[in-house]
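Asker: The structure's right below; bear with me while I get my questions together.
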Amino acid sequence: MTIAAGGLVLGGILLFVGLAAAALLAHGGADGRQDLFDAYVWRVTRFTLLQASLSTGLSILFAIPVARALARQAAFPGRIWLLRLMALPLGLPALVAALGLIEVWGRQGFLNRALTAIGIVAPISIYGLFGILLAHVFFNMPLAVRLMLAGLERIPAEYWRTSANLGMGSFAIFRFIEWPAIRGLLPGIAGLVFMLCATSFTLVLTLGGGPAASTIEVAIYQALRFDFDPPRAIALAGLQVALTGLLLFLLKFVAPPPEEGETSGRAIRRFDGSKGVARLADRIWLTLALIFVGTPFAAIAASGLRADLARLLSEHAFHQALLTSAAVALPSAAIAVAIAALMIRTQRLVLSRRRRGMPARFFAGTIGASMSFILLAPPIVLGAGWFLLLRPFGDVARFAPLVVIAINALMALPFVHRVLAPAMATHAVRTERLAASLGIGGFHRLRWIDWPPLRKAFFTAFSFALALSLGDLGAIALFGSQDLATLPWLLYSRMGSYRTADAAGLALLLGILCLIFTMLGTAGDDKTRGLRT
1 MTIAAGGLVL GGILLFVGLA AAALLAHGGA DGRQDLFDAY VWRVTRFTLL
51 QASLSTGLSI LFAIPVARAL ARQAAFPGRI WLLRLMALPL GLPALVAALG
101 LIEVWGRQGF LNRALTAIGI VAPISIYGLF GILLAHVFFN MPLAVRLMLA
151 GLERIPAEYW RTSANLGMGS FAIFRFIEWP AIRGLLPGIA GLVFMLCATS
201 FTLVLTLGGG PAASTIEVAI YQALRFDFDP PRAIALAGLQ VALTGLLLFL
251 LKFVAPPPEE GETSGRAIRR FDGSKGVARL ADRIWLTLAL IFVGTPFAAI
301 AASGLRADLA RLLSEHAFHQ ALLTSAAVAL PSAAIAVAIA ALMIRTQRLV
351 LSRRRRGMPA RFFAGTIGAS MSFILLAPPI VLGAGWFLLL RPFGDVARFA
401 PLVVIAINAL MALPFVHRVL APAMATHAVR TERLAASLGI GGFHRLRWID
451 WPPLRKAFFT AFSFALALSL GDLGAIALFG SQDLATLPWL LYSRMGSYRT
501 ADAAGLALLL GILCLIFTML GTAGDDKTRG LRT
């Protein structure tokens, strides 16, 4: 039954994406494939791969010491809020975050004013490759931190007791305990971050600074928005999928799967972070992370507080946008978590069979690939395709909420999968055989065996999906109207009408709302923080 349901869901995902692509091709104009490999396309392809590779490397290099510091220092004041801060970049629209970065790093930003005050006459330019890398690290380093931290927190408590009894130093602990756990997660994390950077649109458009810093995603947008050449847009999207897919395929061979150790379920207690040097190093990394991620939000908050928040909160447009955002984000997040859990379970059941033929391995591989490659389908391509498909059936606005919910759920799948897959794999290794030998199944297994250890992972995955859907602007961009306005759409419309004060206030309110929702993902941390000390 589970395998059949997983097959139906996989077929539905492929059909949803395929119909959108087919609709664009059917309404196409010029043959975009004829000049697909012109000089412009080669240039944007090289830049796409360059900036995505650099952004991925910098994000991961920054994330490893920060995640390790958070894992070692499990009881310092404010830890829970630092974790919630790490989830905030995912929830804000990219345009809002870009404005916050400009407030700090721009020509008239805080940092450049400070440099000018001390006599440095060559201020930092946030536009171009530097600005794109800065923005991508701002968005993706916190995501990598939370995914790595989840892996570090799954290390059995017995490992830490043994390391303490053996008197292992910090480097030995990292080499023999922490690095194996991180190494197994790196291909998935790097692949996810790379896809996010390769498909980045708003940040590149805002901070690119001109045609020299354009990506394939920008070229797709230009083909649809200005030239209305759907075949070229589809061909460019295919090029993007092929290049990124090849790199992700090769990335799977870089590191082995994560090592899973048996555990008795004891509370985790680490001893390696209490010494002076280790504690000082952890504090330095956490302080740097707090400054890097927190200052743009502080700039957004400072701008938002200058707006008339009381008037904004009393506006009917804000109430309507808030309700619409909740009506879209909640089902999108629930659907994403349900689909990801079903697909992960289906893949494991298929691979656990004793006789696995080529069709079974292909089916399992397709499930795993679909969780990642869906991110390569640009929301603007999906939205435009379904807009054309639904237009013959009357007013498209009637179907718009369902289309937006579906697109948001699909876009959240890679994030949800990266959170749930390692947790469910670890849980299955530790409990599958014992539960089968005891004959425990159905609701009783879900209640007493599966849900308690997986609850935190599901909360984290749901909060990720909720924040992503709440802050999405790509899917709603084609369908937004007075009757279907989310908070990002309302913010975007206020910016478009040069009501910058209102836009700043809405950005602050949206950030506060995202902070509230990200608390779901850390709901269990307060209960477990004392057990890990």
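Take the sequence shown: its letter number 431 is residue 431 in full-length UniProt numbering, and every next letter is one higher. For every residue, glycine included, the Cβ atom is placed at its ideal position computed from N, Cα and C.
Contact defined as beta carbons within less than 8 Å: I believe L420 pairs with I344. What is the distance between those atoms, to the nearest angstrom?
Answerer: Here residue 420 refers to the residue found at position 420 when the sequence shown is read from its first residue. Here residue 344 refers to the residue found at position 344 when the sequence shown is read from its first residue. Sure, about 6 Å apart at Cβ, within 8 Å.
Asker: Expressed to the nearest angstrom, what Euclidean distance is found between the alpha-carbon atoms of A503 and M141?
Answerer: In the sequence shown, residue 503 corresponds to position 503, counting from 1. In the sequence shown, residue 141 corresponds to position 141, counting from 1. Using only the alpha carbons, I get a separation of about 26 Å.
Asker: For W489, count neighbouring Cβ atoms within 10 angstroms of its own Cβ and tell me buried if that reaches 16, exposed if not.
Answerer: On the sequence shown, position 489 is the one that residue 489 refers to. It is buried - the Cβ of W489 has at least 16 other Cβ atoms within 10 Å.
Asker: Helix, strand or coil, according to DSSP, for F517 in the structure here?
Answerer: As a working mapping, residue 517 is identified with position 517 in the sequence shown. Of the three classes helix, strand and coil, the one that applies to F517 here is helix, per DSSP.
Asker: How long is the line joining the alpha carbons of V328 and S303, rounded to whole angstroms?
Answerer: Position 328 of the sequence shown, counted from the first residue, corresponds to residue 328. Position 303 of the sequence shown, counted from the first residue, corresponds to residue 303. Their backbone Cα atoms lie some 27 Å apart in a straight line.
Asker: Taking C-beta to C-beta, are F174 and T56 nearer than 7 Å?
Answerer: Here residue 174 is taken as the residue at index 174 of the sequence shown, counted from 1. Here residue 56 is taken as the residue at index 56 of the sequence shown, counted from 1. No.
Asker: Look up S214 in the DSSP assignment and say whether it is helix, strand or coil.
Answerer: Residue mapping note: residue 214 aligns to position 214 of the sequence shown, counting from 1. Coil, per DSSP.
Asker: Does DSSP put P187 in a helix, in a strand, or in coil?
Answerer: Position 187 of the sequence shown, counted from the start, is the residue given in the question as residue 187. Note: P187 maps to helix in three-state DSSP.
Asker: Could you check how far apart the C-beta atoms of R146 and R270 are, in whole angstroms? I think they sit under 8 Å.
Answerer: By 1-based counting over the sequence shown, the position of residue 146 is 146. By 1-based counting over the sequence shown, the position of residue 270 is 270. Their Cβ separation, rounded to whole angstroms, is 18 Å, which puts R146 and R270 out of contact at 8 Å.
Asker: Verify whether the separation of the beta carbon atoms of V381 and T215 is less than 7 Å.
Answerer: Here residue 381 corresponds to residue number 381 of the sequence shown, with the count starting at 1. Here residue 215 corresponds to residue number 215 of the sequence shown, with the count starting at 1. No; because the gap between Cβ atoms is not below 7 Å, this pair is not in contact.
Asker: Tell me, to the nearest whole angstrom, how far the beta carbon of G442 is from that of F297; I am working on the premise that it is less than 8 Å.
Answerer: Looking up residue 442 in the sequence shown gives position 442. Looking up residue 297 in the sequence shown gives position 297. About 45 Å separates the beta carbons of G442 and F297, which is beyond the 8 Å limit, so they are not a contact pair.
Asker: Can A409 and F479 be called in contact, C-beta distance under 7 Å?
Answerer: Here the question's residue 409 lines up with position 409 in the sequence shown. Here the question's residue 479 lines up with position 479 in the sequence shown. No, the Cβ-Cβ distance between A409 and F479 is not below 7 Å.
Asker: Can you give me the C-alpha to C-alpha distance between L330 and L466, rounded to a whole angstrom?
Answerer: If you number the sequence shown from 1, residue 330 lands on position 330. If you number the sequence shown from 1, residue 466 lands on position 466. So the two alpha carbons sit approximately 6 Å from each other.
Asker: If we require 4 or more residues per run, which alpha helix (DSSP H) segments fall completely within the region 316-394?
Answerer: 316-352, 358-373, 379-390
Asker: What would DSSP say about T45, mapped onto helix, strand or coil?
Answerer: Position 45 of the sequence shown holds residue 45. Note: T45 maps to helix in three-state DSSP.
Asker: Using DSSP with H/G/I as helix, E/B as strand and the rest coil, what is S53?
Answerer: Here the question's residue 53 lines up with position 53 in the sequence shown. Residue state, collapsed to three classes: helix.
Asker: In angstroms, rounded to a whole number, what distance separates the CA positions of R445 and L49?
Answerer: As a position in the sequence shown, residue 445 is number 445, starting the count at 1. As a position in the sequence shown, residue 49 is number 49, starting the count at 1. Distance between the alpha carbons of R445 and L49: 46 Å.
Asker: Could you compute how far the alpha carbon of T199 sits from the alpha carbon of L305?
Answerer: Residue 199 sits at position 199 when you count from the first residue of the sequence shown. Residue 305 sits at position 305 when you count from the first residue of the sequence shown. In a straight line, the C-alpha of T199 is about 33 Å away from that of L305.
Asker: Between which two residues does the alpha helix (DSSP H) harbouring W160 extend?
Answerer: Counting from 1 along the sequence shown, the entry for residue 160 is found at position 160. Element bounds for W160: 157-166.
Asker: State buried or exposed for I120, treating a residue as buried only when at least 16 other CB atoms are found within 10 Å of its CB.
Answerer: Taking the sequence shown and counting its residues from 1, the one referred to as residue 120 is at position 120. With fewer than 16 other Cβ atoms within 10 Å, it is exposed.
Asker: With distance defined between alpha-carbon atoms, name the residue in A326, L434, A412, I3 nearest to residue 537.
Answerer: With the chain covering 1 to 533 only, the question about residue 537 has no answer from this structure.
Asker: Got a sec, what are the start and stop residues for the alpha helix (DSSP H) V396 sits in?
Answerer: To locate residue 396, count along the sequence shown from 1; it is residue 396. Here V396 belongs to no alpha helix (DSSP H), and DSSP marks it neither H nor E.
Asker: So L101 packs on L134, CB below 8 Å; how close in whole Å?
Answerer: Along the sequence shown, one-based indexing puts residue 101 at 101. Along the sequence shown, one-based indexing puts residue 134 at 134. About 6 Å; that satisfies the 8 Å criterion.
Asker: Please list, in chain order, all residues of the same chain as A289 whose beta carbon is under 6 Å from its beta carbon, the five residues on each side excluded.
Answerer: The residue you call residue 289 lines up with position 289 of the sequence shown. V66.
Asker: Taking Cβ positions, are I234 and L25 nearer each other than 7 Å?
Answerer: Reading the sequence shown from its first residue, position 234 is the one you call residue 234. Reading the sequence shown from its first residue, position 25 is the one you call residue 25. In contact: I234 and L25 (Cβ atoms closer than 7 Å).
Asker: So, L70 versus L149, is the Cβ gap smaller than 7 Å?
Answerer: The residue labelled residue 70 in the question sits at position 70 within the sequence shown. The residue labelled residue 149 in the question sits at position 149 within the sequence shown. Going by C-beta atoms, L70 is nearer than 7 Å to L149.
Asker: Could you pull out every residue in the same chain whose Cβ sits closer than 7 Å to the Cβ of S170, ignoring the five residues on either side in sequence?
Answerer: As a first step, residue 170 must be located in the sequence shown, where it is residue number 170. The answer, listed in chain order, is D272, A278.
Asker: Using a threshold of 7 Å, state whether the C-beta atoms of A364 and L349 are closer than that.
Answerer: In the sequence shown, counting from the first residue as 1, residue 364 sits at position 364. In the sequence shown, counting from the first residue as 1, residue 349 sits at position 349. The answer is no: Cβ separation not under 7 Å.
Asker: Beta-carbon separation of A307 and A501 under 7 Å?
Answerer: Here the question's residue 307 lines up with position 307 in the sequence shown. Here the question's residue 501 lines up with position 501 in the sequence shown. For A307 and A501, yes; Cβs fall inside 7 Å.
Asker: Suppose you measure from the CA of N165 to the CA of M371; what does that come to, to the nearest Å?
Answerer: Here residue 165 is taken as the residue at index 165 of the sequence shown, counted from 1. Here residue 371 is taken as the residue at index 371 of the sequence shown, counted from 1. About 42 Å.
Asker: Counting along the chain, where does the alpha helix (DSSP H) carrying R447 start and finish?
Answerer: Here residue 447 refers to the residue found at position 447 of the sequence shown. Neither: R447 is in no alpha helix (DSSP H) and is coded neither H nor E.
Asker: Buried or exposed for T2, going by 16 or more other Cβ atoms inside 10 Å?
Answerer: The sequence position of residue 2 within the sequence shown is 2, counting from 1. By the Cβ-count criterion, T2 is exposed, with fewer than 16 other Cβ atoms from all chains shown falling within 10 Å of its own Cβ.
Asker: Could you tell me the alpha carbon to alpha carbon distance between D229 and R154, rounded to whole angstroms?
Answerer: The residue labelled residue 229 in the question sits at position 229 within the sequence shown. The residue labelled residue 154 in the question sits at position 154 within the sequence shown. Each residue's alpha carbon lies about 49 Å from the other.
Asker: Check whether the region 15-23 and the region 382-394 are in contact - that is, three or more C-beta pairs closer than 8 Å.
Answerer: Result yes; three or more Cβ-Cβ pairs closer than 8 Å.
Asker: Residues in the same chain with beta-carbon distance under 6 Å from L390, minus the five sequence neighbours each way, listed in chain order, please.
Answerer: Counting from 1 along the sequence shown, the entry for residue 390 is found at position 390. Result list for L390: V396, F399, in chain order.
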